[in-house]
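Chemist:
Residue numbers (the working numbering): 22 to 219.
Here's what the structure looks like:
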């Protein structure tokens, strides 16, 4: 077992909730919220516009949107067009357009006749489950300063049912504490753990 797991103790400073960290919503989160009928959470969930981006200037010149890349990986051209159009129709039919996200990047998406950085809110939990199956990514919609909508006085308003990504922060999938610079800047406790290591 990684000894750093024992060394880390959250001090509830709220920095990770203010840092503009994308909180990806997973199937397990939606199933839990749907079961306990927490429909008010839907207002704070959006499609990650980067997953349906058509321009290359996102995330430091990365490739186009991840969802589109998965569709493009399919070599069958007709299937590609069909999935592309299905995705557009699904988004337009099952999500509410909420305006333009205050972003410093111009993220243009596959949605025709739409301005950059669109905010699309799913109509219900079933929409999110179907969207995840289609390859869409959903995230918590932080404010213009990158703060989580559920952070109040450094505490999480939905702590008992918070997303899995929040529960696991700042651990990797391998259950190791992150030690890359960006996370060290976000989380004061990580810096303390790093200082204690021999």
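A virtual CB, placed ideally from N, CA and C, is assigned to each residue, including glycine.
As a quick exercise: from 115, 132, 188 and 138, pick the residue whose alpha carbon is nearest that of residue 147.
Modeler: Measuring from the Cα of residue 147, the nearest candidate turns out to be 115.
Chemist: Hey, out of 168, 92 and 201, whose CA is closest to residue 35's CA?
Modeler: If we check each option's Cα against that of residue 35, 168 comes out closest.
Chemist: Measure the C-alpha to C-alpha separation of residue 194 and residue 67 and round it to an integer number of angstroms.
Modeler: Near 24 angstroms, if we compare the C-alpha coordinates of residue 67 and residue 194.
Chemist: Can you grab the Cα-Cα spacing for the pair residue 172 / residue 40, in whole Å?
Modeler: Each residue's alpha carbon lies about 12 angstroms from the other.
Chemist: How should residue 42 be labelled, buried or exposed, when 16 other C-beta atoms within 10 angstroms of its C-beta is the threshold for buried?
Modeler: Buried is the call here.
Chemist: Could you name the residues of the same chain whose beta carbon sits closer than 6 angstroms to that of residue 69, not counting the 5 residues immediately before and after it, in chain order?
Modeler: Within the same chain, residue 69 has close Cβ partners 158 and 160.
Chemist: From residue 54 to residue 178, what does the alpha carbon distance come to, in whole angstroms?
Modeler: Cα to Cα, the separation comes out at about 14 angstroms.
Chemist: Should residue 211 go down as buried or exposed, given a rule of 16 or more other Cβ atoms within 10 Å for buried?
Modeler: When all chains shown are included, residue 211 counts as buried.
Chemist: What does the alpha-carbon distance come out to for the pair residue 83 and residue 191?
Modeler: Caution applies to residue 83, whose pLDDT of 46 falls short of 50 and renders its modelled position unreliable; the value that the coordinates give is listed next. Straight-line Cα distance between these residues: approximately 24 angstroms.
Chemist: My understanding is that residue 142 touches residue 63, with C-beta atoms under 8 angstroms, so please give their C-beta distance in whole angstroms.
Modeler: Confirmed, about 7 angstroms.
Chemist: Between the C-alpha atoms of residue 48 and residue 187, what's the straight-line distance to the nearest angstrom?
Modeler: Computed Cα separation, rounded: 14 angstroms.
Chemist: How would you label residue 94, buried or exposed, when you count the other beta carbons within 10 angstroms and need 16 or more for buried?
Modeler: By the 10 Å Cβ count, residue 94 comes out exposed.
Chemist: I'd like the span of the beta strand (DSSP E) that includes residue 117, first residue to last.
Modeler: Note, residue 117: beta strand (DSSP E), 116-121.
Chemist: Under the three-state reduction of DSSP, which class applies to residue 159: helix, strand or coil?
Modeler: Of the three classes helix, strand and coil, the one that applies to residue 159 here is strand, per DSSP.
Chemist: Once the 5 residues before and after residue 121 are set aside, which same chain residues still bring their CB inside 8 angstroms of it?
Modeler: So the list reads 136, 137, 138, 139 and 140, once near-sequence residues are dropped.
Chemist: Between which residues of its own chain and residue 117 is the CB-CB distance below 6 angstroms, once the five residues before and five after are set aside?
Modeler: Answer for residue 117: 142, listed in chain order.
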